[in-house]
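So the structure is just underneath, and the comments pick up after that.
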Amino acid sequence: MGREVSESCVESLMIEMVSSYCDRFYATKPELAARRIEAIGYQVGHQLSERYTMERPRFSDHLEAIKFICKDFWSEIFKKQIDNLKTNHRGTFVLQDNRFRWLSHISLDPSPDGSDTSASLAENKVAQAASMHLYFPCGIIRGALTNLGIPCAVSADISSLPACKFLCPGLFICGTYKGLG
Amino acid sequence: MPAVAPRSGEAIFASAEHVNAELFTLTYGAIVRQLLTDLEEVDEVNKQLDQMGYNIGVRLIDEFLAKSNVSRCVDFKETAEVIAKVGFKMFLGVTATVTNWDAEGTTCSLVLEDNPLVDFVELPDMCQGLHYCSILSGVIKGALEMVSMKTEITWIRDMLLGDDAYELQVKLLKQVPEEYPYKDDE
Chain A
1 MGREVSESCV ESLMIEMVSS YCDRFYATKP ELAARRIEAI GYQVGHQLSE
51 RYTMERPRFS DHLEAIKFIC KDFWSEIFKK QIDNLKTNHR GTFVLQDNRF
101 RWLSHISLDP SPDGSDTSAS LAENKVAQAA SMHLYFPCGI IRGALTNLGI
151 PCAVSADISS LPACKFLCPG LFICGTYKGL G
Chain B
1 MPAVAPRSGE AIFASAEHVN AELFTLTYGA IVRQLLTDLE EVDEVNKQLD
51 QMGYNIGVRL IDEFLAKSNV SRCVDFKETA EVIAKVGFKM FLGVTATVTN
101 WDAEGTTCSL VLEDNPLVDF VELPDMCQGL HYCSILSGVI KGALEMVSMK
151 TEITWIRDML LGDDAYELQV KLLKQVPEEY PYKDDE
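One line per chain: the protein sequences are A and B, in this order. The numbers in the numbering used here rise by one with no breaks, and the one at position 161 of the first sequence is 161. The numbers in the numbering used here rise by one with no breaks, and the one at position 148 of the second sequence is 148.
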């Protein structure tokens, strides 16, 4: 077994990275902050998938590679596999992790009471903060798949987030560019 | 209530949730790399890494105190030993050694020979002056400030710059007395 560090190291680093980019470097430009955070994830995913596939034969098709991401790759990072994989057979894959660790330790609690408008405003804020934290794993997936020869765009669906405070599902949608890969 | 015995760094590390160090190391590397691109100036990158570490240390001290059961240290010498043997161990899984004390007992060095932050790292020539591990000094400074110790931390040796170990000089500037009672609005 390889070297390990405590989980708080990685979590602290990620939380601090997101807050540095969102609140300090690009406080007024959230879309730029998001792009930088995604780029950091991309770099990490690219390097990790390079390491984890070193002794494997090439994947025969996209589905094989995606399955590798859902099983081996996810297990290396999160010690669990993706719970559900769906595809429309036209290049889009939906990866669902029912208990996404990186969101489960972040408190995203909107103020519970107040009028309808302030509640939805609070939910909006929560969704925005959560999405900032999801650019990093999205980048990791995109970096890993790109390294496996599948250029793609990855986004996270957080529509169900504020409602499911305890489940913390992470839903990642990978749109591959067929024909480019 | 009987006092709870302090726990060793090994015991805390063994009972903590772990992740593979590659993820940590590569994430840190990617952050440094992105900062170099975005901020351009090496000095500014050092400063920002230190600031990030500071912010982490300010939060991490809570986990440290909660898990280690360490009570008030009698002097700065004990504080340094606790950081080296318990603090480093419980988070990074490695220990540091404490050396080079000055006569007053307010300045010492933490020496790290094994450092998970730098696995697979090589610095290109353009990174002259970069203290790659600046986040560590920030963490220590931030954590100590939360327990009323103002410190100044300087990098003395850095393996990425060709030295034989990592050496951080920790200088205790002053111990801020805790003020009671705390004001409610602060």
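Even for Gly, the Cβ is constructed at its ideal location relative to N, Cα and C. Model, not experiment: these values are computed from the prediction.
Check your understanding: With DSSP run on the structure shown, which of helix, strand or coil describes A127/A?
Key -> helix
Review point. In chain B, what lies closer than 7 Å to A39/A by C-beta?
Key: What A39/A touches in chain B: Q34.
Point to revise | Unbroken beta strand (DSSP E) run spanning T157/B, endpoints | key: First, the residue type needs correcting, since residue 157/B is Arg and not Thr in the sequence shown. Counting along the chain, the beta strand (DSSP E) containing R157/B begins and ends at 149 to 157.
**Study point:** Of the residues S104/A, K71/A, Q96/A, the one placed nearest S155/A, counting alpha carbons only
**Key:** Across the set S104/A, K71/A, Q96/A, the C-alpha of Q96/A shows the shortest separation from the C-alpha of S155/A.
Exercise for review: Taking only beta carbons into account, state which residues of the stretch 163 to 175 of chain B come closer than 8 Å to chain A, listed in chain order.
Suggested key: Here the close residues number zero.
Point to revise | Test: C9/A CB closer than 8 Å to a CB of chain B | key: yes
Review point. Mind checking if Y28/B is an interface residue toward chain A, Cβ cutoff 8 Å exclusive?
Key: yes
Point to revise | Inter-residue Cα distance where the pair is V19/B and V94/A | key: 25 Å
Review point. Would you say the beta carbon of I156/B comes nearer than 7 Å to a heavy atom of the ligand PLP?
Key: In terms of ligand content, the structure shown is empty, and the ligand PLP therefore cannot be addressed.
Exercise for review: Verify the CB distance criterion: does Q96/A have a CB-CB separation below 8 Å to chain B?
Suggested key: Not one chain B Cβ lies under 8 Å of Q96/A.
Practice item. Note down the Cα distance separating L161/B from T154/B, rounded to an integer number of angstroms. Key: 15 Å
Point to revise | Proximity test, Cβ basis, 8 Å: L131/B and chain A | key: Just to set this straight, residue 131/B is His in the shown sequence, not Leu. No - not a single Cβ of chain A is within 8 Å of the one on H131/B.
Practice item. Taking L123/B as part of the alpha helix (DSSP H), name the residues at either end of that continuous run. Key: Taken as a continuous stretch (DSSP letters only), L123/B belongs to no alpha helix (DSSP H), as it is neither H nor E.
**Study point:** Spatial distance of K85/B from K67/A (CA atoms)
**Key:** 42 Å
Practice item. For E152/B, count neighbouring C-beta atoms within 10 Å of its own C-beta (all shown protein chains included) and say buried if the count is 16 or more, exposed if not. Key: exposed
Check your understanding: For the putative contact between M69/B and A11/B, defined by C-beta atoms under 8 Å, what is the C-beta separation to the nearest angstrom?
Key -> Residue identity differs from the one stated: residue 69/B is Asn in this sequence, not Met. Actually they are not in contact, since the Cβ atoms of N69/B and A11/B sit about 10 Å apart, beyond 8 Å.
**Study point:** Neighbourhood of N115/B by C-beta, 6 Å cutoff - its chain only, sequence neighbours within 5 removed
**Key:** Y166
Review point. In terms of DSSP beta bridges, what is K174/B paired with?
Key: K150/B
Exercise for review: Output, in chain order, the set of chain B residues within a Cβ distance shorter than 8 Å of I77/A.
Suggested key: V19, N20, L23
Exercise for review: Please decide whether C168/A counts as near chain B, where near means a Cβ-Cβ distance under 8 Å.
Suggested key: A caution first: C168/A carries a pLDDT of 46, below 50, which makes its placement in the model unreliable, though a value can still be read off. Taking Cβ atoms only, chain B never reaches closer than 8 Å to C168/A, which makes this a no.
Review point. In whole angstroms, what is the alpha-carbon distance linking A129/A and I40/A?
Key: Per the coordinates, the alpha-carbon of A129/A lies some 18 Å from the alpha-carbon of I40/A.
Review point. How big is the Cα-Cα spacing for Y132/B and F91/B?
Key: Spanning the two alpha carbons is a distance of roughly 18 Å.
Exercise for review: Report, in whole angstroms, the separation of the C-beta atoms of G143/A and Q43/A, which I expect to be a contact under 8 Å.
Suggested key: 6 Å
Check your understanding: What do you reckon, are the CB atoms on C138/A and E16/A nearer than 8 Å?
Key -> no
Practice item. With 8 Å as the threshold, decide whether the Cβ of G87/B is near any Cβ in chain E. Key: Absent from the structure: chain E. Protein chains present are A and B.
Exercise for review: Compute the Euclidean distance between the alpha carbons of F24/B and V74/B, then round it to the nearest angstrom.
Suggested key: 34 Å
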